[in-house]
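Taking this note's numbering, the leading residue of the sequence shown gets 41, the next gets one more, and so forth.
No residue lacks a Cβ here, since even glycine has one placed at the ideal position from N, Cα and C.
Following: one structure in structure tokens, then a few remarks.
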Amino acid sequence: MKVTVVGAGAVGATCADNIARKQLCDELILVDIKEGVAEGKAMDLMQTAQLEGFDTKVIGSTNDYAKTAGSTVAVITSGIPRKPGMTREELIGINAGIVKAVTENLLKHSPECIIIVISNPMDTMTYLALKSSGLPKNRVFGMGGMLDSARFRYFLSQAMHCSPNDLQATVVGGHGDTTMIPLTRLATYCGAPVANFLDADALKKVAADTMVGGATLTGLLGTSAWYAPGAAGAALVEAIVRDEKKLMPCCVSLEGEYGQSDICIGVPVIVGKNGWEKIVDYKLNDEEKALFAKSADAVRSMNSVLATMAV
């Protein structure tokens with residue numbers, strides 16, 4: 041089995057590292073537009089094989105998509121990272137052209153592959169990849185909900201002084217600082233509602249911290265985060281190649297579900313060998329439905345920018 045990661049920057053390299061360590065494929069192709077970067081990082085990763093105990097073969101390529109032929113899954117991380125003070129929305133003008141070209145090149149050599157989008161603004165880039173590729177909707181999705189939910193669990197664990205592994209907590213909606221919706225009502229700690237352990241003010245703070253989690257890291261690091269985004273992408277690859285049928289929050293195409301259509305946005309889905317296989321209805325209450333509709337409006341507004349661009 042072959043998996044491709046496009047973009048050998050911090051996120052792509054971290055994603056590739058996780059995929060190799062977990063031996064999710066026989067051959068892993070790392071592609072980048074900058075001469076020598078993918079080859080160098082692939083070589084560096086291969087030099088950890090004996091130390092980490094994996095046998096996945098990692099191959100780097102400078103923009104040669106022929107090497108990606110026959111990929112089962114392709115992860116797109118290409119594009120410029122978010123800088124301090126820059127919103128995900130501001131990235132669209134640059135990253136749309138990149139993501140469209142990458143999608144076309146991937147499908148030229150791997151027409152049956154499943155595409156995972158990490159590039160920002162992720163909801164719009166996922167929508168673009170789906171529309172420009174003509175692929176069935178279940179074979180294109182974005183990983184934003186996975187990342188945002190991991191951050192939600194982190195902030196909950198910090199507030200509750202517990203392990204994030206004992207928490208179930210989901211973020212739906214857009215992958216943006218003002219569009220994501222941490223579902224505090226449905227979050228649980230070993231099966232018990234987290235509201236049993238945190239008061240309303242504490243839960244509001246956790247939700248607020250989650251929503252600006254990416255921006256907080258950008259401010260601290262001077263660029264976008266990479267460990268958690270890369271790990272989230274690899275987790276989706278694992279669910280696909282191992283046909284895990286896992287319930288994961290992902291950015292997918294809606295056709296009436298959650299009251300929305302003609303949009304890619306974060307909802308809970310079952311992920312397996314066919315990509316995302318089923319949308320799960322969390323039965324949002326009226327307040328959550330209103331927030332979801334507002335989030336969808338914001339994402340749809342950002343998508344409308346694509347119509348004005350030559351992509």
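Residues in its own chain within less than 6 Å of residue i by CB, not counting five upstream and five downstream?
i: ASN343; result: THR164 and TYR167
i: ALA274; result: CYS55, ASN58 and ILE59
i: GLY182; result: VAL157, MET162, THR166 and CYS291
i: LEU91; result: none
i: GLU358; result: Summary: the structure shown does not reach residue 358, with the chain confined to residues 41 through 351, and so no result is reported for it.
To which residues of the same chain is residue i closer than 7 Å at the C-beta, ignoring the five residues directly before and after it?
i: ALA60; result: LEU68, LEU85, PHE94, THR96 and VAL98
i: LEU287; result: PRO308, ILE310 and VAL320
Ordered along the chain, which non-local residues of its own chain (more than five positions away) have a Cβ less than 8 Å from that of residue i?
i: ALA268; result: LEU187, ALA190 and ARG191
i: ALA242; result: ALA199
i: ALA78; result: ALA48, LEU70, VAL71, ASP72, GLY100, SER101 and THR102
My output table needs one value for residue i: the three-state DSSP class, helix, strand or coil.
i: PHE332; result: helix
i: TYR167; result: helix
i: TYR322; result: coil
i: GLN90; result: helix
i: MET83; result: helix
i: PRO222; result: strand
i: ALA75; result: It is worth fixing the name first, because residue 75 is Glu in this sequence and not Ala. Of the three classes helix, strand and coil, the one that applies to GLU75 here is coil, per DSSP.
Can you give the Cα-Cα distance for residue i and residue j, rounded to whole angstroms?
i: GLU284; j: LEU276; result: 10 Å
i: MET47; j: VAL71; result: Sequence check: residue 47 is Gly here, not Met. Spanning the two alpha carbons is a distance of roughly 6 Å.
i: ASP217; j: CYS202; result: 25 Å
i: VAL339; j: ALA271; result: 24 Å
i: ASP239; j: THR224; result: 11 Å
i: THR210; j: GLN300; result: 19 Å
i: THR348; j: CYS230; result: 48 Å
i: LYS334; j: VAL246; result: 20 Å
i: CYS153; j: GLY306; result: 21 Å
i: ILE120; j: GLY253; result: 19 Å
For the alpha helix (DSSP H) that contains residue i, what are its first and last residues?
i: LYS244; result: 240-251
i: CYS55; result: 50-61
i: SER197; result: 184-200
Can you find a C-beta in chain C that's less than 7 Å from the C-beta of residue i?
i: ALA338; result: The displayed structure is made up of one protein chain only, and chain C is not part of it.
For the beta strand (DSSP E) that contains residue i, what are its first and last residues?
i: THR44; result: 42-46
i: ALA364; result: This structure cannot speak to residue 364, because the chain is shown only from 41 to 351.
i: LYS97; result: 97-102
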